[in-house]
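Take a look at the structure below.
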(Lines of atoms letter the chains of each structure in order from A and count residues from 1; the text may use other names and numbers.)
(Lines give C-alpha, C1' and ligand atoms only; values in the text may rest on other atoms or scores of the structure.)
Protein backbone atom coordinates (compact mmCIF):
# COMPACT_ATOMS: atom_id res chain seq x y z
CA UNK A 1 0.00 0.00 0.00
CA UNK A 2 1.28 3.51 -0.66
CA UNK A 3 1.25 6.61 1.52
CA UNK A 4 -1.54 9.06 0.76
CA UNK A 5 -0.49 12.65 0.17
CA UNK A 6 -2.94 14.77 2.15
CA UNK A 7 -1.38 18.10 1.24
CA UNK A 8 2.08 19.20 0.13
CA UNK A 9 3.12 19.13 3.80
CA UNK A 10 1.30 16.04 5.11
CA UNK A 11 1.43 12.35 4.19
CA UNK A 12 -0.89 9.74 5.73
CA UNK A 13 1.09 6.79 7.04
CA UNK A 14 -1.02 3.62 7.15
CA UNK A 15 -0.56 0.56 9.35
CA UNK A 16 0.69 -1.31 6.26
CA UNK A 17 3.43 1.28 5.74
CA UNK A 18 4.44 1.09 9.41
CA UNK A 19 4.61 -2.71 9.20
CA UNK A 20 6.66 -2.52 5.99
CA UNK A 21 9.05 -0.01 7.59
CA UNK A 22 9.46 -2.33 10.57
CA UNK A 23 10.20 -5.29 8.28
CA UNK A 24 12.65 -3.43 6.05
CA UNK A 25 16.20 -4.40 6.98
CA UNK A 26 18.64 -1.51 6.88
CA UNK A 27 22.10 -2.99 7.47
CA UNK A 28 24.83 -0.71 8.78
CA UNK A 29 26.51 1.10 5.90
CA UNK A 30 23.40 0.97 3.69
CA UNK A 31 22.98 3.69 1.09
CA UNK A 32 19.90 5.19 -0.52
CA UNK A 33 19.73 6.11 -4.19
CA UNK A 34 16.99 6.92 -6.67
CA UNK A 35 16.44 4.85 -9.79
CA UNK A 36 14.68 6.63 -12.64
CA UNK A 37 12.22 4.92 -15.00
CA UNK A 38 14.99 4.46 -17.56
CA UNK A 39 17.28 2.78 -15.00
CA UNK A 40 19.58 5.71 -14.26
CA UNK A 41 20.85 5.69 -10.66
CA UNK A 42 20.96 9.03 -8.86
CA UNK A 43 23.21 9.04 -5.81
CA UNK A 44 22.02 11.09 -2.84
CA UNK A 45 24.33 13.01 -0.53
CA UNK A 46 25.25 11.41 2.80
CA UNK A 47 23.24 14.06 4.67
CA UNK A 48 20.12 13.44 2.58
CA UNK A 49 20.51 9.67 2.97
CA UNK A 50 20.88 10.08 6.73
CA UNK A 51 17.70 12.19 6.91
CA UNK A 52 15.68 9.63 4.91
CA UNK A 53 17.01 6.69 6.94
CA UNK A 54 16.15 8.51 10.17
CA UNK A 55 12.62 9.13 8.82
CA UNK A 56 12.27 5.41 8.02
CA UNK A 57 13.54 4.51 11.49
CA UNK A 58 11.04 6.90 13.08
CA UNK A 59 8.12 5.46 11.10
CA UNK A 60 9.20 1.94 12.08
CA UNK A 61 9.52 2.77 15.78
CA UNK A 62 6.64 5.17 16.43
CA UNK A 63 4.52 5.14 13.29
CA UNK A 64 5.12 8.81 12.64
CA UNK A 65 7.75 11.25 11.51
CA UNK A 66 8.04 15.01 11.52
CA UNK A 67 10.54 16.71 9.26
CA UNK A 68 11.21 20.37 9.68
CA UNK A 69 13.97 22.89 9.52
CA UNK A 70 15.40 24.40 12.66
CA UNK A 71 15.18 28.21 12.50
CA UNK A 72 18.36 30.25 12.04
CA UNK A 73 17.85 31.98 15.40
CA UNK A 74 17.23 29.87 18.50
CA UNK A 75 16.07 30.71 21.99
CA UNK A 76 18.32 29.77 24.89
CA UNK A 77 15.89 27.00 25.89
CA UNK A 78 15.91 25.46 22.40
CA UNK A 79 19.70 25.78 22.09
CA UNK A 80 20.16 24.12 25.49
CA UNK A 81 17.83 21.27 24.46
CA UNK A 82 19.80 20.69 21.25
CA UNK A 83 23.07 20.66 23.19
CA UNK A 84 21.66 18.39 25.87
CA UNK A 85 22.51 20.77 28.72
CA UNK A 86 20.57 22.96 31.11
CA UNK A 87 19.83 26.56 30.24
CA UNK A 88 22.04 27.81 33.14
CA UNK A 89 24.95 25.74 31.79
CA UNK A 90 24.43 27.23 28.33
CA UNK A 91 24.40 30.76 29.76
CA UNK A 92 27.62 29.96 31.67
CA UNK A 93 29.20 28.90 28.37
CA UNK A 94 28.15 32.25 26.88
CA UNK A 95 29.89 34.11 29.73
CA UNK A 96 33.00 31.92 29.28
CA UNK A 97 33.06 32.53 25.51
CA UNK A 98 32.42 28.88 24.63
CA UNK A 99 29.50 29.87 22.39
CA UNK A 100 28.44 33.16 20.82
CA UNK A 101 25.05 34.67 21.57
CA UNK A 102 23.24 37.91 20.81
CA UNK A 103 20.35 39.84 22.28
CA UNK A 104 16.94 40.53 20.79
CA UNK A 105 15.67 43.15 23.21
CA UNK A 106 16.23 41.46 26.58
CA UNK A 107 16.23 37.89 25.21
CA UNK A 108 19.37 35.88 24.48
CA UNK A 109 19.42 34.20 21.07
CA UNK A 110 21.80 31.81 19.33
CA UNK A 111 22.63 31.18 15.68
CA UNK A 112 21.64 27.66 14.63
CA UNK A 113 25.01 27.05 12.97
CA UNK A 114 26.84 28.13 16.13
CA UNK A 115 24.80 25.73 18.27
CA UNK A 116 25.48 22.81 15.92
CA UNK A 117 29.18 23.77 15.70
CA UNK A 118 29.42 23.43 19.47
CA UNK A 119 27.35 20.23 19.48
CA UNK A 120 29.69 18.65 16.92
CA UNK A 121 32.77 19.90 18.79
CA UNK A 122 31.54 18.39 22.06
CA UNK A 123 30.69 15.08 20.32
CA UNK A 124 34.20 14.94 18.85
CA UNK A 125 35.73 15.69 22.26
CA UNK A 126 33.69 12.85 23.79
CA UNK A 127 34.77 10.45 21.02
CA UNK A 128 38.42 11.39 21.54
CA UNK A 129 38.15 11.02 25.33
CA UNK A 130 36.57 7.59 24.90
CA UNK A 131 39.31 6.51 22.48
CA UNK A 132 41.96 7.78 24.91
CA UNK A 133 40.31 5.82 27.72
CA UNK A 134 40.24 2.67 25.61
CA UNK A 135 43.91 3.13 24.67
CA UNK A 136 44.84 3.71 28.31
CA UNK A 137 42.91 0.64 29.38
CA UNK A 138 44.62 -1.48 26.71
CA UNK A 139 48.08 -0.16 27.66
CA UNK A 140 47.48 -0.87 31.35
CA UNK A 141 45.52 -4.10 31.04
CA UNK A 142 47.72 -5.88 33.60
CA UNK A 143 46.39 -3.55 36.31
CA UNK A 144 42.80 -4.55 35.49
CA UNK A 145 43.28 -8.33 35.43
CA UNK A 146 42.37 -10.25 38.57
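Numbering (UniProt numbering), first residue to last: 1 to 146. Where a beta carbon is used, it is the ideal one built from N, C-alpha and C, also for glycine.
- Between the alpha carbons of residue 41 and residue 52 lies a distance of about 17 Å.
- Bridge partners of residue 17 according to DSSP: none are assigned.
- In the DSSP secondary-structure assignment, residue 35 is bridged to 41.
- With a cutoff of 7 Å on beta-carbon distance, residue 60 and residue 10 are scored as not near each other.
- Contact between residue 79 and residue 86 is ruled out by a C-beta separation of about 11 Å, above the 8 Å threshold.
- With a threshold of 16 other beta carbon atoms within 10 Å, residue 110 meets it and is buried.
- At the C-beta level, residue 76 and residue 108 come within 7 Å of one another.
- Taking the C-beta atoms as reference points, residue 54 is found no nearer than 7 Å to residue 32.
- Collapsing the DSSP output to three states places residue 70 in coil.
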